[in-house]
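A.B. asks: The sequence shown begins at 9 in our numbering and counts up one residue at a time.
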Amino acid sequence: MGIKWQYDTSKRPAVKHQLTSMTNLIRSFGILGIVWLISNPLSASTISGFLTDTETADPLAYANVVLRGTDQGATSDEKGYYIIHNVAPDTYTLSISYIGYATQDTMIRVPPQSDVRVDIRLQTRSLQMDEVVVTADRVRFEKAVETSRINLSPRELEIVPAFVEADIFRSVQQLPGVVSQNDFSAALVVRGGSPDENLILLDGIEVYNPYHFGGVFSAFNTDAIRDAEFQAGGFPVRYGGRLSSVLEIRTKEGNPQGGLLGEHWPLKKYWDISGGAVDISMLSSKAFLEGPLYKGGYFISLRRTYFDQLVSLAHSLNDTIPTLPYFFYDGQWKAHTQVTDRHRVDVQGYFGADDLTLQFGAGDEQTGSIDFNWIWGNRTNSAIVRSILRSDMMLESMVAMSAYDFDVDFTQTTTDSLGNRVANRFLIKNVLEDVSVAERLDWKLSSAHRLQTGLSYKRFRFRFTFDNDETRFLDEDQNPRLFSAYIQDTWQMNIRLNLQAGVRGSYYSLSDKPWFDLRGGFKYRIYENTALKGSAGLYTQFLFTSNDDDAILRVVDFWNPVPDYLDPQRAIHYILGVEQWIGAGHQLSLEAYYKPYLNVLDLNPIQNVYNDRDDYVAGTGFAWGIETILKRSVGNVTGWIAYTYARTVKRIDLDGDGTVEPEQGEVYAPKYDKRHNFNLVLNYRINEKHSLGISWNWSSGQPYTPVVGKQYGGSETSGWFQPYLFQSNIQGNRNSARFPNYLRGDVSYTRYVTWFGLRGSLTLQVINFTNHFNVLFYQWNHSASPSAVTAYSMFPIIPTMGISFQF
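1. Exposed or buried, which one is K521 when buried takes at least 16 other CB atoms within 10 Å?
2. Quick check on A195: buried or exposed, where buried means 16 or more other Cβ atoms within 10 Å of its Cβ?
3. Near H8, what residues of its chain come up, given a Cβ to Cβ distance below 7 Å and the 5 sequence neighbours on each side ignored?
4. If you reduce the DSSP assignment to three classes, tell me which class V153 lands in.
5. By how many angstroms is the C-alpha of D280 removed from the C-alpha of F524?
6. With a cut-off of 8 Å on the beta carbons, I'd call G462 and R246 a contact; round off their distance for me.
7. In the DSSP assignment, find the unbroken alpha helix (DSSP H) run with E164 in it and report its ends.
8. Identify the continuous beta strand (DSSP E) that holds D450 and give its terminal residues.
9. If you run the structure through DSSP and keep just helix, strand and coil, what is T54?
10. Closest to A600 by C-alpha separation, out of D610, Y573, T553 and S543, would be which residue?
11. Tell me the rounded alpha-carbon separation between I39 and M402.
12. Let me check understanding here. Comparing Cα to Cα, which of V570, R429, T758 and F380 lies closest to T808?
13. Could you name the residues of the same chain whose beta carbon sits closer than 6 Å to that of F238, not counting the 5 residues immediately before and after it, in chain order?
14. Ordered along the chain, which non-local residues of its own chain (more than five positions away) have a Cβ less than 6 Å from that of L546?
15. Which partner residues of S795 appear in the DSSP bridge assignment?
16. Does the beta-carbon of Q508 have 16 or more other beta-carbons within 10 angstroms, so that it is buried, or is it exposed?
17. So T636 and Y651 are in contact, right, with Cβ under 8 Å, and what is the actual spacing, rounded?
18. Does DSSP put T808 in a helix, in a strand, or in coil?
19. Using CA coordinates, which residue listed in D231, G266, L251 and D235 is at the minimum distance from A295?
20. Short of 6 Å in beta carbon distance, which residues of its chain neighbour R433, apart from the five on each side in sequence? Order them along the chain.
21. Let me confirm a value: R76 is counted as buried when at least 16 other C-beta atoms fall within 10 Å, else exposed. Which label applies?
22. Could you check how far apart the C-beta atoms of G241 and T111 are, in whole angstroms? I think they sit under 8 Å.
23. Hey, out of A446, N438 and F803, whose CA is closest to D475's CA?
24. Give the DSSP-derived three-state secondary structure of I128 in the structure shown.
25. If contacts are defined as beta-carbon pairs under 8 Å, then W384 and F414 qualify, I think. What distance do you get, rounded to the angstrom?
26. Measure the C-alpha to C-alpha separation of D362 and N190 and round it to an integer number of angstroms.
27. Does the stretch 600–610 come close enough to the stretch 569–579 that 3 or more CB-CB pairs lie under 8 Å?
28. If I measure Cβ to Cβ from L690 and keep anything under 6 Å in the same chain, skipping five residues before and after, which residues do I get?
29. Express the C-alpha separation of S188 and I805 in angstroms, rounding to a whole number.
30. Which residues in the same chain as A539 place their Cβ atom closer than 6 Å to its Cβ, once the five residues preceding and following it in sequence are excluded?
31. Figure out for me which residue from Q500, P330 and S791 has the closest Cα to the Cα of Y720.
32. Nearest-angstrom Cα distance between L440 and V564?
33. Any idea which residues DSSP pairs D610 with across the strands?
34. Taking its Cβ as the centre, do 16 or more other Cβ atoms sit within 10 Å of K697, making it buried, or is it exposed?
35. Name the residue from A65, D79 and S744 whose alpha carbon lies nearest to the alpha carbon of I503.
36. Quick test of the definition: if touching needs 3 or more C-beta pairs under 8 Å, does the stretch 486–505 touch the stretch 553–564?
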């Protein structure tokens with residue numbers, strides 16, 4: 009597998025001393041700076057507060073806040089927080105407008121040199137499309153310095169027909185710049201980058217293997233998701249450690265409007281239930297519950313597949329039906345409380361696991377028996393304290409743990425001619441633990457400047473053990489550390505031009521030097537509804553997976569730290585695009601990108617078993633492409649149309665001769681290089697009771713390594729007199745051929761119902777409704793004459809159904 013690690017701290021006393029000195033220096037200046045800022049109040053009055061949904065308590069980002077009769081106003085940030093600077097003492101009408109919500113006016117009095125706090129909850133209302141309102145998307149269009157970013161609401165996550173149930177990763181795979189490896193993988197391949205180059209965050213916590221069933225399903229329940237923000241490139245310096253993209257998933261707050269337990273519920277002040285949902289599909293059942301907690305809210309989300317139980321029941325009735333000894337489960341929870349009007353505490357967690365058990369044979373002398381159990385999964389826990397130091401300054405302190413592990417228990421039992429049973433047991437364990445501490449400061453210096461800075465410390469643990477019959481043959485344990493700091497300024501120069509610049513510095517304990525990433529971006533409104541945007545930046549990645557990119561299926565990921573004999577992976581993003589605001593809820597975007605890989609790692613195909621420093625080889629590469637998307641997010645018809653043209657090339661000296669030779673297959677397109685990719689996602693809400701959905705994907709065939717001939721050969725035990733024992737493939741250059749073009753269409757129908765006072769829906773879906781044959785791989789049979797090849801397909805036509813209830 010290439011999983012070997014070495015680390016000797018004695019070789020790096022200078023780096024340790026630099027890291028300690030810098031940590032102490034930053035801590036000293038940081039403490040002094042915060043004390044000085046808190047002790048020096050603002051010289052002018054401000055109005056600030058949080059905007060939330062009355063029913064769900066979810067923050068309302070990018071809402072428009074103005075003081076009527078003045079030219080002063082603000083925009084709420086991603087946490088729903090707004091601040092209006094330099095307000096003269098007077099009495100004002102504070103007006104908040106947000107699409108889908110009733111405009112709210114509030115009278116406030118502002119004394120001299122004061123911080124006026126006004127938290128407002130907005131009521132939803134039916135949207136009238138002929139009204140002129142300032143939408144969140146419009147505010148983003150005008151002010152946000154963002155390239156390659158798309159936000160997905162819960163409604164947009166659910167409109168994409170998916171295998172059995174809504175899946176956030178399947179929805180993201182329909183966006184421009186993103187491709188899937190095949191139908192059996194929900195992993196994201198973004199702008200030519202491998203799946204491990206994507207930073208997956210669940211409420212700010214990294215999740216390292218966010219998939220079930222070898223990648224067929226994502227690990228997150230969409231019922232618990234408030235929204236998702238996907239950035240395919242050019243992401244700012246507050247995100248680090250990945251080369252390609254960021255998917256930030258934010259969960260719900262927990263509906264504070266409790267009352268289901270009744271007025272006489274003795275703990276009503278501290279805990280109640282607002283509502284929930286139950287979903288039952290052909291694969292799984294899931295439940296969601298939310299409600300108020302003392303001065304806050306909570307939610308709990310649980311899911312488990314039961315297909316294994318149904319198949320076992322069918323097998324008990326008819327033993328010709330095979331069993332399916334596999335299931336997965338997961339759960340998410342979150343609770344928050346407003347300790348004071350300036351301090352809030354969030355605690356949250358996630359857990360999930362896959363369990364596969366197989367048994368073969370009867371244990372007799374001829375066949376023997378095999379017992380196989382494989383369990384793998386993730387778990388996260390975190391606590392976040394959010395403090396408003398001043399009305400213009402917010403501090404977040406976080407402690408988090410994220411772990412991913414798998415455990416394989418393999419036992420082979422045989423019976424000899426004397427009837428003695430002999431068991432041979434193998435145990436394989438792999439663990440990745442990430443314990444993080446972080447501080448993030450958000451300082452809104454003025455209406456034109458927003459300064460964001462942060463520190464983070466990560467202590468990793470990578471452990472791999474291999475045991476055979478209670479004897480440990482391999483025990484690798486490594487504990488690298490990563491310290492990072494960043495600072496970023498977003499500057500609105502004028503009504504047309506917004507700039508953003510930042511730097512991120514990192515100390516990695518397995519490296520001899522610090523690493524710095526410089527990033528910047530701009531947005532310039534050429535016309536009122538047309539904006540030019542661009543970004544450029546350097547990106548560094550210190551962890552990677554050692555999986556074979558050419559593997560058809562990857563059940564689990566093998567994460568590794570970049571070893572001390574190699575530099576971390578690095579890439580540069582260059583992005584330029586134009587964005588057109590067509591109208592409320594309608595946007596058109598066109599982007600071109602170029603991403604040179606300065607250093608990329610791959611498995612060494614000619615490893616020397618006696619050399620611990622040749623498991624991986626380094627190379628270079630590049631990816632470039634053009635993307636466009638037309639997105640509609642309001643009205644009865646919603647969805648998007650997207651097209652991408654992309655190319656990806658890697659250059660790696662695989663034979664170790666010091667020269668990268670194209671004719672030897674050392675310059676090649678990775679397996680996930682698809683030149684053309686077209687996606688159509690539409691949902692038509694016919695009326696209050698019926699809706700239709702369709703997703704349509706066409707793409708170029710993915711590369712594969714062709715078989716160009718066959719050769720005869722024996723085995724190590726057959727001897728020289730059996731040279732023609734079998735025939736094997738002669739491989740051509742790596743990924744020098746392509747499968748036929750890919751085509752898949754999915755459709756869904758949803759019927760909204762009310763049964764016994766409960767709101768619900770019945771969903772019918774058909775995956776690959778055209779039953780198009782999409783090639784997964786070819787298999788050659790050289791025993792036939794001439795040699796025959798068989799093509800195996802991805803998903804055939806698959807009908808599914810599910811039912812959901814909300815209470």
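Built from N, CA and C at the ideal position, the CB exists for glycine as well.
C.D. replies: Working from what's here:
1. exposed
2. buried
3. As displayed, the chain neither begins before 9 nor continues past 815, which places residue 8 out of reach and without an answer.
4. coil
5. 49 Å
6. 6 Å
7. P162 to E166
8. R429 to W451
9. strand
10. S543
11. Annotation note: pLDDT 48 at I39 (below 50); position unreliable, no value reported.
12. T758
13. I158, V180 and L255
14. D525, L526 and I580
15. DSSP output for S795 lists no bridge partner at all.
16. buried
17. 5 Å
18. strand
19. D231
20. T419 and D477
21. exposed
22. With a Cβ gap of about 36 Å, G241 and T111 do not count as contacting.
23. N438
24. strand
25. 3 Å
26. 20 Å
27. yes
28. G647 and I702
29. 18 Å
30. K531, R533 and E587
31. S791
32. 12 Å
33. V625
34. exposed
35. D79
36. no
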